[in-house]
Amino acid sequence: MIVAKRKPLNEIAEMLAPYKKVTVIGCRSCVAICLAGGEKEVKMLVSALKVKNKRDGRKQHIEGTVVERQCEKEWVQEIEAQILDSDVTLSMACSLGAQTIGDMYPKHLTFPGLNTGMFGVPEEQGVWSEKCVGCGNCIIHTTGGICPIARCAKSMLNGPCGGSANRKCEVNLEVDCAWAAIYDRLKLQNRLDLIESVTPAKDWSTSHSGGRRVFEREDAKLTPHQKKGKGVT
Amino acid sequence: MKAGSNLEKVFESGQFAVTAEIGPPQSANPEPLTHHAKMLKGYADAFNLTDNQTAVVRLSSIASAVIIMREGVEPVIQMTCRDRNRIALQSDLLGAAALGVKNVLCLTGDHQTFGNEKGAKNVFDFDSIVELQVFDQLRTQGKQVGGEVLKDPPKTYLGCAENPFATPYEYRASRLAKKVAAGADFCQTQAIFDMDMFEKWMDEVRARGLDKKIHILAGVIPMKSAGAARYMKNKVPGMIVPDHIVDRMKSAKDAKGEGIKLCVEQIEHLKTVKGVHGVHIMAVAWEDIVPRIVEMAGLLPRPKFES
Amino acid sequence: MPDTRPKIVGFCCERHGMDAAVLAARSGKQFEASVRLVQVPCTGRVDGMHILRALEDGADAVFVLGCLEKNCYYDTGSIEGRKRVGYVKQMLSELGLEKERVEMFNAASSNSWVFPEIVAKMVEVVKKFGPIGGEKR
Chain A
598 MIVAKRKPLN EIAEMLAPYK KVTVIGCRSC VAICLAGGEK EVKMLVSALK VKNKRDGRKQ
658 HIEGTVVERQ CEKEWVQEIE AQILDSDVTL SMACSLGAQT IGDMYPKHLT FPGLNTGMFG
718 VPEEQGVWSE KCVGCGNCII HTTGGICPIA RCAKSMLNGP CGGSANRKCE VNLEVDCAWA
778 AIYDRLKLQN RLDLIESVTP AKDWSTSHSG GRRVFEREDA KLTPHQKKGK GVT
Chain B
14 MKAGSNLEKV FESGQFAVTA EIGPPQSANP EPLTHHAKML KGYADAFNLT DNQTAVVRLS
74 SIASAVIIMR EGVEPVIQMT CRDRNRIALQ SDLLGAAALG VKNVLCLTGD HQTFGNEKGA
134 KNVFDFDSIV ELQVFDQLRT QGKQVGGEVL KDPPKTYLGC AENPFATPYE YRASRLAKKV
194 AAGADFCQTQ AIFDMDMFEK WMDEVRARGL DKKIHILAGV IPMKSAGAAR YMKNKVPGMI
254 VPDHIVDRMK SAKDAKGEGI KLCVEQIEHL KTVKGVHGVH IMAVAWEDIV PRIVEMAGLL
314 PRPKFES
Chain C
5 MPDTRPKIVG FCCERHGMDA AVLAARSGKQ FEASVRLVQV PCTGRVDGMH ILRALEDGAD
65 AVFVLGCLEK NCYYDTGSIE GRKRVGYVKQ MLSELGLEKE RVEMFNAASS NSWVFPEIVA
125 KMVEVVKKFG PIGGEKR
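Protein chains in written order, with my numbering: chain A, 598 to 830; chain B, 14 to 320; chain C, 5 to 141.
Below is the structure:
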């Protein structure tokens with residue numbers, strides 16, 4: 598899922614300070630699961646900002662709401678009136694949610710309440726870690742199911758660098774060396790031969806390096822005729 | 014001859030090679046480089062110019078190479094993948110070759126979080142093995158990684174580094190094999206303090222016949238103090254310094270003298286290890302000690318060749 | 005005449021926390037504060053949101069009182085409670101508000117002296133920082 602983290606509250610308060618009417622919008626998808634921008638986080642944020650305003654004697658109307666998936670227009674549309682009724686929207690979704698609202702209502706101000714971090718998984722309660730960077734060309738069938746692009750600090754393709762000590766990453770001694778993990782996994786699977794030969798230069802054109810990516814599925818797209826029929830513009 | 018560098022000639026003549034390191038300054042002043050080049054000339058066959066080592070901004074390695082070449086000293090430029098994508102790497106290889114730099118050491122590079130520009134965006138388009146493979150293809154076929162064929166390919170002698178002391182240990186000889194397959198001509202190892210472990214790695218290297226395909230330069234670091242030994246033991250990732258070495262440095266009355274003695278002993282021993290074709294002396298911030306060590310280790314005079 | 009005493013809300017677990025409060029009350033102890041207690045099954049049930057809501061709705065300080073951590077009726081409930089309080093403290097700090105306004109305490113039901121001490125401490129905090137918003141009372 599997409600893992601995000603709430604921005605420091607002082608940064609949020611500063612962002613919102615000039616505005617009289619604020620709508621905070623959470624999202625019940627990824628960011629709710631990673632405890633950054635779900636219903637509860639929205640309520641706590643709204644409450645904390647109100648306490649702050651009370652203390653500073655600032656008159657500001659803040660209300661919070663939450664949608665099912667902020668990156669989908671259909672869900673956002675349901676709270677259109679609430680969005681447009683405010684001076685500014687603080688999105689407590691990942692940047693995709695914030696940008697969806699921004700794209701739908703370009704004149705309206707939408708600010709990010711979260712820092713969107715990564716594609717990660719919950720490792721244990723309260724811990725999320727990055728496992729994919731969306732390079733657009735998955736190779737984990739050759740690396741024991743472990744992605745070296747995301748999990749190695751240097752995205753090494755041909756084994757661990759010289760800084761791997763005690764099977765930990767030199768960049769962060771708390772983090773397992775991805776290549777030590779790959780080695781162990783392949784050994785377990787009796788497939789070490791996979792990392793005996795040189796993996797050649799990776800084609801990064803499928804990643805963000807190739808420019809902004811748009812995926813399409815023709816069979817799912819509406820024809821102009823269908824769009825007309827459904828009133829979609 | 015692949016590049017006809019002095020280092021290549023020493024290896025090809027079957028003699029025990031010596032390389033050392035010169036750290037480019039953190040300034041635009043070429044003087045420290047000239048000074049070291051003059052001082053070290055004739056004491057090693059080639060000198061590594063580090064490429065913003067530990068991700069600290071320094072005078073560029075290619076520029077440094079040109080500066081020391083003016084003093085008649087042969088450079089080995091390090092080229093890391095941290096700061097350059099394939100366009101820049103290939104371009105710099107061509108540029109270095111055009112300037113007369115014949116030895117290039119391919120490295121992935123220290124992560125920028127170790128350096129003085131922690132906010133940098135890194136590149137890592139390649140790792141060192143891909144870099145070797147691409148450079149090898151460029152020099153042998155004149156073919157870029159993207160497929161375009163160049164008219165005048167670079168003549169370059171390619172080196173790599175390997176660390177027998179990094180985990181997983183079992184994979185370290187395989188890594189060297191990959192580097193050989195990718196086109197490396199010589200390899201400088203991480204500094205060796207644990208001889209047993211190094212020899213174990215060399216056993217594996219010889220068992221795979223790699224010592225016949227690549228010239229291994231065993232890395233050594235002369236230590237100035239017990240503090241330096243402790244620092245390397247505890248703080249440098251992928252370095253193993255056994256307790257007996259730390260203790261020896263600690264109990265020494267003259268730590269510097271002991272450090273030199275230890276380094277010379279290590280070189281004497283490494284000369285006897287089958288498959289080791291030379292030593293690489295990394296006298297970090299202690300470059301002026303190199304002549305003494307080389308002399309004490311009986312490695313003088315260095316071979317000379319008709320150019 | 006409006007009550008100008010510090011307004012304090014305490015979330016007490018129905019085991020040791022509430023018992024300690026009741027014990028203090030029975031002793032006839034008077035406090036220089038308006039203390040409102042909220043009985044919860046366990047301090048592990050107290051959410052950061054409850055604490056913030058109390059502050060939002062007029063409390064000057066909030067405390068959470070649970071069982072001793074090694075003797076919690078629900079094993080780790082009061083540890084959870086402490087974590088929640090810690091998170092709210094962090095939120096207050098980020099906003100430049102006094103994190104001392106929110107505290108976690110633990111007590112055994114027989115500790116009659118604990119509750120008065122807690123209230124006294126929270127009263128001190130409010131006296132030091134004043135009410136949230138409005139004039140100093």
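We put the CB at the ideal spot given by N, CA and C, even for glycine.
Worksheet item: Which same chain residues, not among the five before or five after residue 302 (chain B), have their C-beta less than 7 Å away from its C-beta?
Response: Same-chain partners within the cutoff: 235, 273, 296.
Worksheet item: Between the stretch 94-123 of chain B and chain A, which residues of the former have a C-beta closer than 7 Å to a C-beta of the latter?
Response: Contact annotation: in the stretch 94-123 of chain B, residues whose CB is within less than 7 Å of a CB in chain A are 99, 121.
Discussion item. Once the 5 residues before and after residue 221 (chain B) are set aside, which same chain residues still bring their CB inside 7 Å of it?
Written reply: Answer for residue 221 (chain B): 186, 190, listed in chain order.
Practice prompt. With a floor of 4 residues, list each alpha helix (DSSP H) that falls wholly inside the stretch 71-120 of chain B, ordered by position along the chain.
Written response: Listed in chain order, the complete alpha helix (DSSP H) runs (minimum 4 residues) inside the stretch 71-120 of chain B are 74-82, 99-111.
Worksheet entry | Which listed residue (C:12, C:44, C:37, C:31) has its alpha carbon closest to that of residue 19 (chain C) | Restricting attention to C:12, C:44, C:37, C:31, the CA atom closest to the CA of residue 19 (chain C) is found in C:44.
Item to complete: Report the option in B:184, B:88, B:277 whose CA atom is closest to the CA atom of residue 73 (chain B).
Response: Taking only the C-alpha atoms, the option nearest residue 73 (chain B) is B:88.
Fill in: Where residue 725 (chain A) sits in the DSSP three-state scheme
Correct three-state label for residue 725 (chain A): strand.
Item to complete: Starting from the Cα of residue 38 (chain C), find the closest Cα among C:91, C:98, C:128, C:9 and give me that residue.
Response: Comparing Cα positions, the closest option is C:9.
Practice prompt. Express the C-alpha separation of residue 823 (chain A) and residue 142 (chain B) in angstroms, rounding to a whole number.
Written response: Within the model, the alpha-carbon separation for residue 142 (chain B) versus residue 823 (chain A) is close to 52 Å.
Worksheet item: Is DSSP giving residue 167 (chain B) helix, strand or coil here?
Response: DSSP, read as helix, strand or coil, puts residue 167 (chain B) in coil.
Discussion item. Beta carbons nearer than 8 Å to chain C: which residues of the stretch 598-627 of chain A have them?
Written reply: Under the 8 Å Cβ criterion, the stretch 598-627 of chain A contributes 605, 606, 607, 610.
Worksheet item: Roughly how many whole angstroms lie between the Cα atoms of residue 704 (chain A) and residue 684 (chain A)?
Response: Taking the straight line from one Cα to the other gives about 10 Å.
Worksheet entry | Start and end residues, beta strand (DSSP E) containing residue 108 (chain C) | According to the DSSP assignment, residue 108 (chain C) belongs to the beta strand (DSSP E) that extends over 106-111.
Item to complete: Would you mind telling me which residues of chain A sit closer than 8 Å to residue 83 (chain C), beta carbon to beta carbon, in chain order?
Response: Within 8 Å Cβ-Cβ: nothing; residue 83 (chain C) doesn't reach chain A, min ~13 Å.
Worksheet item: Mind pulling the alpha helix (DSSP H) runs of 4 or more residues that sit fully within the stretch 746-812 of chain A?
Response: Listed in chain order, they are 775-785.
Worksheet entry | Test item: CB-CB of residue 722 (chain A) and residue 690 (chain A) under 9 Å | The answer is no: Cβ separation not under 9 Å.
Worksheet item: Got a sec, what are the start and stop residues for the beta strand (DSSP E) residue 203 (chain B) sits in?
Response: Segment 199-204, the beta strand (DSSP E) holding residue 203 (chain B).
Worksheet item: Which two residues bound the contiguous alpha helix (DSSP H) that contains residue 27 (chain C)?
Response: Run containing residue 27 (chain C): 20-30, per the alpha helix (DSSP H) assignment.
Worksheet item: Among residues of its own chain, excluding the 5 on either side of residue 24 (chain B), which ones have a beta-carbon nearer than 7 Å to its beta-carbon?
Response: Scanning its chain for C-beta atoms nearer than 7 Å, with the 5 sequence neighbours on each side dropped, one finds around residue 24 (chain B) the residues 30, 199, 228, 290, in chain order.
Practice prompt. For chain A, find out if any of its Cβ atoms is closer than 9 Å to the Cβ of residue 141 (chain C); answer yes or no.
Written response: Its pLDDT being 43, under 50, residue 141 (chain C) is placed unreliably in this model, and the value from its coordinates should be taken loosely. Chain A has no Cβ within less than 9 Å of the Cβ of residue 141 (chain C).
Discussion item. When you compare the CB positions of residue 144 (chain B) and residue 94 (chain B), do they come within less than 9 Å of one another, or not?
Written reply: Yes, they are a contact pair.
Practice prompt. Under 6 Å Cβ to Cβ from residue 84 (chain C), same chain only, skipping five residues before and after it: list those, please.
Written response: The residues are 48.
Discussion item. Relative to the C-alpha of residue 912 (chain A), which candidate in A:740, A:716, A:635 has its C-alpha closest?
Written reply: Since the first residue of chain A shown is 598 and the last is 830, residue 912 (chain A) is not available in this structure.
Discussion item. Tell me whether residue 282 (chain B), by its Cβ, gets closer than 8 Å to a heavy atom of the ligand ZN.
Written reply: No copy of the ligand ZN appears in this structure; indeed no ligand is present at all.
Discussion item. Assess contact between the stretch 623-632 of chain A and the stretch 77-93 of chain C, defined as three or more Cβ pairs (one per stretch) separated by less than 8 Å. Is contact present?
Written reply: Flag = no, the stretch 623-632 of chain A and the stretch 77-93 of chain C do not touch.
Fill in: Partners in chain A for residue 188 (chain B), counting only beta-carbon separations shorter than 7 Å
Neighbours of residue 188 (chain B) on chain A, chain order: 756.
Item to complete: Whole angstroms is fine: what's the gap from residue 141 (chain C)'s alpha carbon to residue 89 (chain C)'s?
Response: Low confidence applies to residue 141 (chain C): its pLDDT is 43, below 50, so where it sits in the model is not reliable, and the reading given next is rough at best. Residue 89 (chain C) has its alpha-carbon roughly 26 Å from the corresponding atom of residue 141 (chain C).
Worksheet entry | Residues near residue 796 (chain A) in its chain [Cβ-Cβ closer than 6 Å; skip 5 each side] | Answer for residue 796 (chain A): 754, 755, listed in chain order.
Worksheet item: Around the C-beta of residue 18 (chain B), are 16 or more other C-beta atoms found within 10 angstroms, so that it is buried, or is it exposed?
Response: Classification for residue 18 (chain B): buried.
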